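**Student:** Those protein sequence lines, which keep their order, are chains L and W.
Under this note's numbering, residue 327 is the last one in the first sequence; the count climbs by one each step, no gaps.
Under this note's numbering, residue 327 is the last one in the second sequence; the count climbs by one each step, no gaps.
A virtual CB, placed ideally from N, CA and C, is assigned to each residue, including glycine.
Just so we're clear, the structure is a prediction, and the values are computed from it rather than from any experiment.
First the structure, which I've put down as structure tokens, then a few questions once you've had a look.
Protein chains: 2
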Amino acid sequence: MAELVSSNKVFGGDLRKYKFKSAALGGLSANFNLFLPSQASTTTKVPLLTYLAGLTCTEDNGAQKGGFFEAAAAKGLAILFPDTSPRGAGVPGEDDDWDFGTGAGFYLNATAPSYAPYYNMQTHVTLELPQIIEAAGLPIDFTRQSIFGHSMGGHGALTLYLASTTKQYRSASAFAPICNPMKCQWGQKAFTGYLQGGIEEAKTLYDATELIKRRNEPVNILIDYGTSDNFYKQGQLLPENFVAAAEGKNVSMRAQEGYDHSYYFISTFAPEHIHFHAKFLCD
Amino acid sequence: MAELVSSNKVFGGDLRKYKFKSAALGGLSANFNLFLPSQASTTTKVPLLTYLAGLTCTEDNGAQKGGFFEAAAAKGLAILFPDTSPRGAGVPGEDDDWDFGTGAGFYLNATAPSYAPYYNMQTHVTLELPQIIEAAGLPIDFTRQSIFGHSMGGHGALTLYLASTTKQYRSASAFAPICNPMKCQWGQKAFTGYLQGGIEEAKTLYDATELIKRRNEPVNILIDYGTSDNFYKQGQLLPENFVAAAEGKNVSMRAQEGYDHSYYFISTFAPEHIHFHAKFLCD
Chain L
45 MAELVSSNKV FGGDLRKYKF KSAALGGLSA NFNLFLPSQA STTTKVPLLT
95 YLAGLTCTED NGAQKGGFFE AAAAKGLAIL FPDTSPRGAG VPGEDDDWDF
145 GTGAGFYLNA TAPSYAPYYN MQTHVTLELP QIIEAAGLPI DFTRQSIFGH
195 SMGGHGALTL YLASTTKQYR SASAFAPICN PMKCQWGQKA FTGYLQGGIE
245 EAKTLYDATE LIKRRNEPVN ILIDYGTSDN FYKQGQLLPE NFVAAAEGKN
295 VSMRAQEGYD HSYYFISTFA PEHIHFHAKF LCD
Chain W
45 MAELVSSNKV FGGDLRKYKF KSAALGGLSA NFNLFLPSQA STTTKVPLLT
95 YLAGLTCTED NGAQKGGFFE AAAAKGLAIL FPDTSPRGAG VPGEDDDWDF
145 GTGAGFYLNA TAPSYAPYYN MQTHVTLELP QIIEAAGLPI DFTRQSIFGH
195 SMGGHGALTL YLASTTKQYR SASAFAPICN PMKCQWGQKA FTGYLQGGIE
245 EAKTLYDATE LIKRRNEPVN ILIDYGTSDN FYKQGQLLPE NFVAAAEGKN
295 VSMRAQEGYD HSYYFISTFA PEHIHFHAKF LCD
């Protein structure tokens with residue numbers, strides 16, 4: 045069962061931190077934050093928006109710096125903030141680099157033998173956390189879910205949205221996402237490290253540009269990135285590839301002049317992302 | 045001269061971090077952040093709101109977690125974020141405790157011999173930073189200034205506002221301020237450590253409750269604190285003493301049910317504090 049670690053009142057709602065032993069992450073202790081708006085009660089379940097953070101982050105970065113709560117409180121949306129990887133798995137090499145291993149789970153299920161017992165962030169986010177939250181008796185309506193994220197977490201949001209065979213999420217949005225990880229250094233490093241089949245294995249599962257190509261139904265996707273983002277300039281994000289692959293599929297891709305990769309950029313457009321999801325969740 | 049360290053676009057404006065050698069802080073390198081709204085230009089100077097952070101913080105906490113920029117951008121206000129103490133003075137004992145010394149300058153000018161050469165945060169905030177900003181040619185209208193802060197920084201905002209003989213600030217506001225530091229452990233420790241004359245020396249200079257007693261003119265002060273704030277419960281803040289001393293002097297003191305001492309509390313009421321100051325600054 046999830047144990048309540050702390051609780052902070054914010055914009056009339058509650059931000060709660062929980063920890064629990066995660067089956068998806070090899071039995072390790074995992075944390076998550078959950079914002080419950082004041083509308084949530086024993087008689088009223090609220091929709092759930094999941095926020096996936098980027099490289100090096102934890103469950104706290106989006107909660108502390110994202111600027112999501114004013115709009116979420118107004119719209120009556122809960123927000124789930126998972127961590128970005130297992131912590132303390134002890135796999136050799138997992139702490140050598142900032143862009144792989146701890147803090148860099150890439151929201152996939154690992155198949156490489158040393159990572160597979162622990163690095164199953166896809167299952168953790170999509171299946172395990174909803175189960176844990178439901179078991180805790182928290183007033184969430186799991187039939188109304190959407191997902192968003194930043195950078196590696198933007199990759200996570202797009203791929204978990206597009207790859208879901210059950211249509212778990214009604215909409216996806218992202219700040220400066222890694223859009224075509226097969227084609228950038230971050231993604232290639234992650235896929236070759238976590239997946240036994242490497243990049244080829246990732247192609248149909250974990251690459252948003254590949255996934256949107258194969259998508260026939262309409263999508264609900266909003267993406268913002270900054271033109272002064274150094275990772276964009278270095279070719280880690282590749283939004284142009286995603287846009288080209290998504291032609292005619294209702295993707296709103298906005299290049300924001302002068303913004304960078306930081307939470308200052310995220311917080312600026314945070315209210316618009318919350319309102320975008322509210323259109324699909326608050327019906 | 046101030047050297048630009050970094051710049052982040054946020055809500056259409058610019059958050060800039062500068063460093064410079066601080067005369068007030070004994071020649072040590074000091075950092076500050078300055079938010080410039082998009083209204084600021086070579087032909088338009090904007091008002092300045094100074095935000096003083098609390099114990100253990102730096103110039104970054106308020107910028108990253110305060111949630112001030114959306115409202116400040118809308119109102120066209122600049123926000124200055126100073127650090128909370130000198131860094132690296134090397135005074136024996138300054139790093140022994142989290143509530144004294146580094147990160148805990150208390151916005152006073154020290155007179156105890158070992159601290160006096162470095163710990164002059166009052167001069168740093170009120171005199172030196174405006175001079176440095178003006179010398180950098182930044183478009184600030186220094187005839188329109190107000191000040192706010194959190195906890196130790198709320199103490200700073202109230203005392204610098206009330207003690208200013210030149211009426212440097214038009215209004216002051218605070219989140220969970222230390223209102224009567226002579227009467228609480230944090231303040232007593234600071235005053236006996238930094239001031240040769242100890243608490244008696246602090247009485248007419250650095251205690252907001254004492255200062256408001258002596259004030260005859262009307263004031264413009266807004267204070268919020270949370271009823272679930274552990275430091276409030278421990279008697280570190282003593283807002284009741286300030287209210288009693290301020291009777292009839294136009295102080296708005298609000299007890300916010302269930303909120304604690306964190307930036308989640310601050311961010312919730314941040315827009316109202318910005319709008320409060322804008323009434324006095326945007327005329």
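Any residues in the stretch 214-235 of chain L with a beta carbon nearer than 8 Å to a beta carbon of chain W? Which ones, in chain order?
**Tutor:** none
**Student:** Whose CA, out of L:Ala299, L:Pro126 and L:Ser85, lies closest to the CA of Phe64 of chain L?
**Tutor:** Working through the first sequence from its first residue, we reach residue 64 of chain L at position 20. Checking every option, the nearest Cα to that of Phe64 of chain L belongs to L:Pro126.
**Student:** Tell me whether Ile222 of chain W sits in a helix, a strand or coil according to DSSP, three-state version.
**Tutor:** Translated into the one-based positions of the second sequence, residue 222 of chain W becomes position 178. Coil at Ile222 of chain W, not helix or strand.
**Student:** With a cut-off of 8 Å, does the C-beta of Leu121 of chain L fall near any C-beta of chain W?
**Tutor:** In the first sequence, counting from the first residue as 1, residue 121 of chain L sits at position 77. Chain W, which has no Cβ nearer than 8 Å to the Cβ of Leu121 of chain L, makes this no.
**Student:** Where DSSP assigns a beta bridge to Gln189 of chain W, which residues make up the other side?
**Tutor:** What you label residue 189 of chain W is simply residue 145 of the second sequence in a count that begins at 1. In DSSP, Gln189 of chain W forms a bridge with W:Leu92.
**Student:** Relative to chain W, which residues along the stretch 90-111 of chain L have a C-beta separation below 9 Å, given in chain order?
**Tutor:** Ala107, Gln108, Lys109 and Gly111
**Student:** Tell me the start and end of each unbroken alpha helix (DSSP H) in the stretch 218-303 of chain W that is at least 4 residues and wholly inside, in chain order.
**Tutor:** As far as the stretch 218-303 of chain W is concerned, its whole alpha helix (DSSP H) runs of at least 4 residues are 229-238, 242-246, 252-257, 274-277 and 283-289.
**Student:** Check His194 of chain W in the structure and name its three-state DSSP category.
**Tutor:** Counting from one through the second sequence, the residue named residue 194 of chain W turns up at place 150. It is a strand residue.
**Student:** Is Gly302 of chain L close to chain W? Criterion is C-beta to C-beta, closer than 8 Å.
**Tutor:** Counted from its first residue, the first sequence places residue 302 of chain L at position 258. At a cut-off of 8 Å between beta-carbon atoms, Gly302 of chain L makes contact with chain W.
**Student:** With 7 Å as the limit, tell me which residues of the stretch 51-82 of chain W have their beta carbon closer than that to any beta carbon of chain L; keep them in chain order.
**Tutor:** Legend: CB atoms of the stretch 51-82 of chain W lying less than 7 Å from CB atoms of chain L belong to residues Asn52, Lys53, Val54, Phe55 and Leu59.
**Student:** Would DSSP call Leu121 of chain W helix, strand or coil?
**Tutor:** On the second sequence, residue 121 of chain W is found 77 positions in, with the first residue counted as 1. It is coil, neither helix nor strand.
**Student:** Let me know the secondary structure DSSP gives Leu202 of chain W once reduced to three states.
**Tutor:** Translated into positions along the second sequence, residue 202 of chain W becomes position 158. Here Leu202 of chain W sits in helix by DSSP.
**Student:** Taking only beta-carbon atoms, is Tyr238 of chain W less than 8 Å away from chain L?
**Tutor:** Here residue 238 of chain W corresponds to residue number 194 of the second sequence, with the count starting at 1. Not an interface residue.
**Student:** Beta-carbon of Tyr307 of chain L versus every beta-carbon of chain W: anything under 8 Å?
**Tutor:** For this step, residue 307 of chain L is matched to residue 263 along the first sequence. Yes, Tyr307 of chain L counts as interfacial toward chain W.
**Student:** Can a CB atom of chain L be found closer than 8 Å to the CB of Thr312 of chain W?
**Tutor:** Counted from its first residue, the second sequence places residue 312 of chain W at position 268. It does: the Cβ of Thr312 of chain W has a partner Cβ on chain L nearer than 8 Å.
**Student:** In the stretch 258-276 of chain L, which residues sit with their C-beta less than 8 Å from some C-beta in chain W, listed in chain order?
**Tutor:** Result list: Gly270 and Ser272.
**Student:** Considering only their Cβ atoms, is the gap separating Met297 of chain W from Ile256 of chain W smaller than 8 Å?
**Tutor:** Position 212 of the second sequence holds residue 256 of chain W. Position 253 of the second sequence holds residue 297 of chain W. No. Outside cutoff.
**Student:** Determine the closest residue to Tyr250 of chain L out of L:Lys61, L:Phe235 and L:Leu48, with distance taken between C-alpha atoms.
**Tutor:** Here residue 250 of chain L corresponds to residue number 206 of the first sequence, with the count starting at 1. Comparing Cα positions, the closest option is L:Phe235.
**Student:** Using beta-carbon positions only, say whether Ala218 of chain L and Gly231 of chain L come within less than 8 Å of one another.
**Tutor:** Working through the first sequence from its first residue, we reach residue 218 of chain L at position 174. Working through the first sequence from its first residue, we reach residue 231 of chain L at position 187. Contact: no.
**Student:** Looking at the structure shown, is Lys211 of chain W part of a helix, part of a strand, or coil, going by DSSP?
**Tutor:** Here residue 211 of chain W refers to the residue found at position 167 of the second sequence. In this structure, Lys211 of chain W counts as coil in the three-state DSSP scheme.
**Student:** Measure from the alpha carbon of Thr87 of chain W to the alpha carbon of each residue in W:Ala118, W:Ile184, W:Glu47 and W:Asn75, then state which is nearest.
**Tutor:** Residue numbering aside, residue 87 of chain W sits at position 43 when the second sequence is read from its first letter. It is W:Ile184.
**Student:** How far does the alpha helix (DSSP H) with Leu325 of chain L in it extend, from its first residue to its last?
**Tutor:** Numbered from its first residue, the first sequence carries residue 325 of chain L at position 281. That run of the alpha helix (DSSP H) goes Tyr307 to Leu325.
**Student:** In the DSSP assignment, find the beta strand (DSSP E) that holds Glu47 of chain L and state where it starts and stops.
**Tutor:** Numbered from its first residue, the first sequence carries residue 47 of chain L at position 3. Note, Glu47 of chain L: beta strand (DSSP E), Glu47 to Val54.
**Student:** Could you check where the beta strand (DSSP E) with Leu10 of chain L kicks off and where it finishes?
**Tutor:** What is shown of chain L runs 45 to 327, which leaves residue 10 of chain L out entirely.
**Student:** Which residues in the same chain as Ala207 of chain W place their Cβ atom closer than 8 Å to its Cβ, once the five residues preceding and following it in sequence are excluded?
**Tutor:** Within the second sequence, the letter at position 163 stands for residue 207 of chain W. Cβ within range, chain order: Leu249, Tyr250 and Leu255.
**Student:** Assuming contact is defined by CB atoms lying nearer than 8 Å, are Ala314 of chain W and Ala180 of chain W in contact in what I supplied?
**Tutor:** In the second sequence, the residue the question calls residue 314 of chain W occupies position 270. In the second sequence, the residue the question calls residue 180 of chain W occupies position 136. No, Cβ-Cβ distance for Ala314 of chain W and Ala180 of chain W is not below 8 Å.
**Student:** Helix, strand or coil: which one does DSSP assign to Tyr126 of chain L?
**Tutor:** Along the first sequence, one-based indexing puts residue 126 of chain L at 82. Contrary to the premise, residue 126 of chain L reads as Pro rather than Tyr in this sequence. In the structure shown, Pro126 of chain L sits in a strand (DSSP, three-state: E or B).
**Student:** Starting from Leu80 of chain L, follow the beta strand (DSSP E) in both directions and report where the run begins and ends.
**Tutor:** Numbered from 1 along the first sequence, position 36 holds the residue referred to as residue 80 of chain L. Note, Leu80 of chain L: beta strand (DSSP E), Leu72 to Leu80.
**Student:** According to the Cβ coordinates, are Gly147 of chain W and Leu99 of chain W closer than 8 Å?
**Tutor:** Position 103 of the second sequence, counted from the start, is the residue given in the question as residue 147 of chain W. Position 55 of the second sequence, counted from the start, is the residue given in the question as residue 99 of chain W. Yes, the pair counts as a contact, with Cβ atoms nearer than the cut-off.
**Student:** With C-beta atoms as the reference, is Tyr163 of chain L less than 8 Å away from Pro136 of chain L?
**Tutor:** Indexing the first sequence from 1 puts residue 163 of chain L at position 119. Indexing the first sequence from 1 puts residue 136 of chain L at position 92. Taking 8 Å as the Cβ cut-off, Tyr163 of chain L and Pro136 of chain L do not qualify as a contacting pair.
**Student:** Residues in the same chain with beta-carbon distance under 6 Å from Asp273 of chain W, minus the five sequence neighbours each way, listed in chain order, please.
**Tutor:** Position 229 of the second sequence, counted from the first residue, corresponds to residue 273 of chain W. The residues are Ala220, Asp304 and His305.
**Student:** On the three-state DSSP scale, how would you describe Ala115 of chain W?
**Tutor:** Numbered from 1 along the second sequence, position 71 holds the residue referred to as residue 115 of chain W. Here Ala115 of chain W sits in helix by DSSP.
**Student:** Hey, how far is the Cα of Ala160 of chain W from the Cα of Gly70 of chain W?
**Tutor:** Taking the first residue of the second sequence as position 1, residue 160 of chain W is located at position 116. Taking the first residue of the second sequence as position 1, residue 70 of chain W is located at position 26. Near 9 Å, if we compare the C-alpha coordinates of Gly70 of chain W and Ala160 of chain W.
**Student:** Within a Cβ cutoff of 6 Å, which residues of the same chain sit near Thr102 of chain L, ignoring the five residues on either side of it in sequence?
**Tutor:** Within the first sequence, numbered from 1, the residue matching residue 102 of chain L stands at position 58. If we look at Thr102 of chain L and ignore the five residues flanking it on each side, its Cβ neighbours are Asp127.
**Student:** State the Cα-Cα distance for the pair Gly149 of chain W and Glu301 of chain W, rounded to the nearest angstrom.
**Tutor:** As a working note, residue 149 of chain W is residue 105 in the second sequence. As a working note, residue 301 of chain W is residue 257 in the second sequence. For Gly149 of chain W and Glu301 of chain W, the distance between alpha carbons rounds to 30 Å.
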